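Colleague:
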Amino acid sequence: MRVKKFFRPLILTVLILVLLQVSVNAYAKYPSPTEAFFVNDFADVLSSETERKMYALGKQLEDKTTAQVVFVSVDSVGDESVEDYSINLAMEWGIGQKGKDNGILMLFVRDERMLRIEVGYGLEGAVPDIKTARIREDYIKPYTRHDDFDRGFLSGYAALVHEVAKEYGVEIDESIDGYMVPPEVYHESSDDSGIGVVFMLLVMFLVFDGVFFRFRITSAIIRMIIWSSMYNGRGGRGGYGGGSWGGGGYRGGSWGGGSHGSGSWSKGGSFGGGRSSGGGGRFGGGGSSGKV
Amino acid sequence: MSLNAYPFGRWLKWAVLGLVVLIIVVSMVSTYNDLVTADQEVQKSWSQVENVMQSRADTVNNLVATVKGAVKHEEKVFQDIAEARSVLMSGSADVNSKMQADQRIADATRDVLVLVENYPEIKASEQFTNLQTAIEGSERRVAVERKRFIEAVQAYNMKVTRFPGNIIARILGFSPKEYFVADPEAQKAPEITF
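Sequence lines, in order, name chains A and B. Per our numbering, numbering through the first sequence is continuous, rising by one, with the last residue being 294. Per our numbering, numbering through the second sequence is continuous, rising by one, with the last residue being 1128.
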């Protein structure tokens, strides 16, 4: 058989390729936003009353302008600098609208008592660095100096919201009626690279089976699927057993999806594939940071 | 039942072979597209770096304007800044010389800020406080954009040099890009304490 001569090297090449693709999958871990999104008090420095007020302001601003001002408090940022953590978090959460880049992140790091106000590209004109430093010094620090984080962050947050509203020429009213904070439910982080991985594993399995077992395993599985469908047809088995054989049928289904799957396979090879932060506004290091 | 142990084996072999060929073709096309995209990303992020470097140079220039009147005998550092700034503003300078010029501006800025320590009346002025914030901000922006540029170059280079992209890249004439690697010590933002 002539085919055999180049079949095995080819198979091995593909296996190595697939392994290389799978190995590029590691991300730095940041918390997922809460359901409230505008207020994420992970370090628990705010009362729920303050969170409610901040949420009302933030939601109102988004409704009127599409801009997003997000407050996050964390206990610590680990090895990263506050600045790096804040920009990475802001990009990862996609704060602000895509294309408008109109997001602001207000990040408080409790163990360092550092506050960073990170301003998206689109708002650097409305809220220049000096303004963020002003807000920190004049609106936040007078309260946080006496450990009154509630009033400090609320007044700082409100100042940012008003600054953005001014840029868009809208009024923000202070009443919080009509704005309910959603319960704190954490988002499931979705992982859309799953299909690609399943497909790769399937191909690897087929290749292994072909090279070492001459497709005995696959043949056996296909035979089982056929048998089980025959059983199903006669209705001789209970619903439970039939259902589990149906799972085997899924494998067969993946076969048909070959071309679609290989498309996502090549996509998985692109740098930083999988979960991307492409959904939101971009940040370029605007803003300022300082102790509060 | 047939006694043949793998009745589907022959058919499967060709199916798998076809699949393998399909994967190779698709990955070749997508590698080419990836390379073009990565190359454009490098260009784009470099022009972003140039922007923020120039605006940093302008901010530092404002600092110099504020300080220069009071400080008579420290001409060298001001001259350094002026020279580096002209490199950054020129259209012809290459990546490395611009990166170096930016580094010189960063170093000189530190010197100027140390100098200001001796002039309490400047230090206390609101104008200076604002400049200080602006300088920190522009430093941060340079750091961010430079990091993205380096990442873009690394991503591109990885695509060009890593198997199997390297084979296709060589055929299509893509080659790795060199980039400036700043001395990690110098890359830290100057510690400004007042």
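Each residue gets a CB set at the ideal place from its N, CA and C atoms; glycine is no exception. None of these values were measured; they are calculated from a predicted model.
#1: Could you work out which residues of chain B lie near G80/A, taking near to mean beta carbons separated by less than 8 Å?
#2: On a Cα-Cα basis, can you pick out the residue from L59/A, G60/A and V72/A that is closest to F44/A?
#3: For G96/A, which three-state DSSP category applies?
#4: For a contact meaning CB atoms closer than 7 Å, what does N1064/B contact in chain A?
#5: Would you mind sorting S1026/B into buried or exposed? The rule is 16 or more other CB atoms within 10 Å of its CB.
#6: Measuring straight from C-alpha to C-alpha, what distance separates M93/A and F39/A?
#7: Please classify Y170/A as buried or exposed, where buried requires at least 16 neighbouring CB atoms within 10 angstroms.
#8: Are the segment 1088-1102 of chain B and the segment 1011-1027 of chain B in contact at 8 Å, needing three or more beta carbon pairs?
#9: On the DSSP bridge list, what partners appear for D113/A?
#10: Report all residues from its chain with a CB closer than 6 Å to the CB of I134/A; omit the five preceding and five following residues, and keep chain order.
#11: Quick one: grab the DSSP three-state call for T1/A.
#12: Do A161/A and I137/A come within 8 Å of each other at the CB atom, strictly closer than that value?
#13: Going straight from the alpha carbon of V1048/B to that of M202/A, what length do you get?
#14: Between which two residues does the alpha helix (DSSP H) containing V76/A stretch?
#15: Does any CB atom of chain A fall closer than 8 Å to the CB of K947/B?
#16: In the DSSP output, which residue or residues are listed as bridge partners for L107/A?
#17: Under DSSP, the beta strand (DSSP E) around D43/A begins and ends at which residues?
#18: When DSSP builds the beta bridges, which residues end up paired with K293/A?
#19: Put F214/A into one of helix, strand or coil per three-state DSSP.
#20: Is the CB-CB distance between V983/B and R1080/B below 8 Å?
#21: Should A999/B be labelled buried (16 or more other beta-carbon atoms within 10 Å of its own) or exposed?
#22: Starting from the beta carbon of F201/A, find every residue of chain B whose beta carbon is closer than 9 Å, and list them in chain order.
#23: W945/B by DSSP, collapsed to three states: which one?
#24: Give me the chain B residues within the contact set of A135/A, using Cβ-Cβ distance strictly less than 7 Å, ordered along the chain.
#25: Assign I1102/B to one of two classes, buried (16 or more other C-beta atoms within 10 Å of its C-beta) or exposed (fewer than that).
#26: What first and last residue would you give for the alpha helix (DSSP H) that runs through R284/A?
#27: For T993/B, which residues from the same chain have a beta carbon less than 6 Å from its beta carbon, with the 5 sequence-adjacent residues on both sides left out?
#28: Is it buried or exposed for D81/A, if we count other Cβ within 10 angstroms and need 16 for buried?
#29: Express the C-alpha separation of N1100/B and V955/B in angstroms, rounding to a whole number.
#30: Quick one: complete alpha helix (DSSP H) runs, 4+ long, within the segment 989-1050 of chain B?
#31: Taking C-beta to C-beta, are I331/A and G122/A nearer than 8 Å?
#32: Within 8 Å of any Cβ in chain A, is that where the Cβ of E1060/B sits?
#33: Give the residues of chain A in contact with V950/B, contact being defined as C-beta atoms less than 7 Å apart.
#34: Since S290/A meets chain B, which of its residues come closer than 9 Å, beta carbon to beta carbon?
#35: Does the segment 1008-1019 of chain B come close enough to the segment 1034-1047 of chain B that 3 or more CB-CB pairs lie under 8 Å?
#36: Can you tell me the Cα-Cα spacing of E1009/B and R1075/B, whole angstroms?
Modeller: Per the coordinate set shown:
#1: Start at 1 with the first residue of the first sequence, and residue 80/A comes out as number 78. Neighbours of G80/A on chain B: none; closest Cβ ~18 Å, over 8 Å.
#2: Indexing the first sequence from 1 puts residue 44/A at position 42. The candidate whose alpha carbon is nearest that of F44/A is V72/A.
#3: Here residue 96/A refers to the residue found at position 94 of the first sequence. In this structure, G96/A counts as coil in the three-state DSSP scheme.
#4: As a working note, residue 1064/B is residue 130 in the second sequence. Chain-ordered, the chain A residues with CB closer than 7 Å to the CB of N1064/B read I132.
#5: If you number the second sequence from 1, residue 1026/B lands on position 92. The Cβ neighbour count for S1026/B, taken over all protein chains shown within 10 Å, is under 16; the residue is labelled exposed.
#6: By one-based count along the first sequence, residue 93/A stands at place 91. By one-based count along the first sequence, residue 39/A stands at place 37. Cα to Cα, the separation comes out at about 14 Å.
#7: Numbered from 1 along the first sequence, position 168 holds the residue referred to as residue 170/A. Using a 10 angstroms sphere on the CB of Y170/A, the tally of other CB atoms stays under 16, which defines it as exposed.
#8: The segment 1088-1102 of chain B vs the segment 1011-1027 of chain B: no contact.
#9: In the first sequence, the residue the question calls residue 113/A occupies position 111. According to DSSP, D113/A bridges with nothing at all.
#10: In the first sequence, counting from the first residue as 1, residue 134/A sits at position 132. Reading the sequence as shown, one finds Thr at residue 134/A and not Ile. Excluding residues within five positions, the ones whose Cβ falls inside 6 Å are I119, G289 and S290.
#11: The question about residue 1/A has no answer here: the residues shown for chain A are numbered 3 through 294.
#12: Stepping through the first sequence from its first residue, residue 137/A is reached at position 135. Stepping through the first sequence from its first residue, residue 161/A is reached at position 159. Annotated as proximal: I137/A and A161/A, with beta-carbon spacing under 8 Å.
#13: Along the second sequence, read from residue 1 onward, the residue named residue 1048/B stands at position 114. Along the first sequence, read from residue 1 onward, the residue named residue 202/A stands at position 200. If I take the Cα positions, the gap works out to 58 Å.
#14: Position 74 of the first sequence, counting from 1, holds the residue named residue 76/A. Counting along the chain, V76/A falls outside any alpha helix (DSSP H), though it belongs to the beta strand (DSSP E) covering Q70 to V76.
#15: Sequence index remark: in the second sequence, residue 947/B carries index 13 (1-based). Interface flag for K947/B against chain A is set, since a Cβ pair is found closer than 8 Å.
#16: The count along the first sequence starts at 1 and reaches residue 107/A at position 105. Partner(s): V72/A and E120/A.
#17: For the purposes of this step, residue 43/A is taken as the residue at position 41 of the first sequence. In this chain, the beta strand (DSSP E) harbouring D43/A covers V41 to D43.
#18: As a working mapping, residue 293/A is identified with position 291 in the first sequence. According to DSSP, K293/A shares a beta bridge with M116/A.
#19: Here residue 214/A corresponds to residue number 212 of the first sequence, with the count starting at 1. Taken through DSSP and simplified to helix, strand or coil, F214/A comes out as helix.
#20: Along the second sequence, one-based indexing puts residue 983/B at 49. Along the second sequence, one-based indexing puts residue 1080/B at 146. R1080/B sits close to V983/B, with the two beta carbons spaced by under 8 Å.
#21: As a first step, residue 999/B must be located in the second sequence, where it is residue number 65. By the Cβ neighbour-count rule, A999/B is exposed, with fewer than 16 other Cβ atoms within 10 Å of its own.
#22: Against the first sequence, residue 201/A aligns to sequence position 199. Those within 9 Å of F201/A in chain B number zero; the least Cβ separation is about 10 Å.
#23: For the purposes of this step, residue 945/B is taken as residue 11 along the second sequence, with counting starting at 1. Here W945/B sits in helix by DSSP.
#24: Residue mapping note: residue 135/A aligns to position 133 of the first sequence, counting from 1. Proximity of chain B to A135/A at the Cβ level (cut-off 7 Å) is accounted for by T1067, in chain order.
#25: Translated into the one-based positions of the second sequence, residue 1102/B becomes position 168. Burial call: buried.
#26: In the first sequence, the residue the question calls residue 284/A occupies position 282. No alpha helix (DSSP H) contains R284/A, which DSSP labels as neither H nor E.
#27: Walking along the second sequence from the start, residue 993/B turns up at place 59. Annotation for T993/B: A1068, I1069 and S1072 place their beta carbon closer than 6 Å to its own, counting only its chain and skipping 5 residues before and after.
#28: For the purposes of this step, residue 81/A is identified with residue 79 of the first sequence, where counting begins at 1. It is exposed - the Cβ of D81/A has fewer than 16 other Cβ atoms within 10 Å.
#29: Residue 955/B sits at position 21 when you count from the first residue of the second sequence. Residue 1100/B sits at position 166 when you count from the first residue of the second sequence. Roughly 19 Å separates the two Cα atoms.
#30: With a minimum length of 4 residues, the continuous alpha helix (DSSP H) runs that stay inside the segment 989-1050 of chain B are 1009-1023 and 1029-1050.
#31: Absent from the model: residue 331/A. The displayed extent of chain A is 3 to 294, so no value can be given.
#32: One-based indexing of the second sequence puts residue 1060/B at position 126. No, no contact with chain A.
#33: Here residue 950/B refers to the residue found at position 16 of the second sequence. Neighbourhood of V950/B in chain A, by CB distance below 7 Å: L208, V209 and G212, in chain order.
#34: For the purposes of this step, residue 290/A is taken as residue 288 along the first sequence, with counting starting at 1. Those are T1067, E1070, G1071 and R1074, listed as they occur along chain B.
#35: With a cut-off of 8 Å, the segment 1008-1019 of chain B and the segment 1034-1047 of chain B count as touching, because enough Cβ pairs lie within range.
#36: Along the second sequence, read from residue 1 onward, the residue named residue 1009/B stands at position 75. Along the second sequence, read from residue 1 onward, the residue named residue 1075/B stands at position 141. Roughly 28 Å between the two C-alpha positions.
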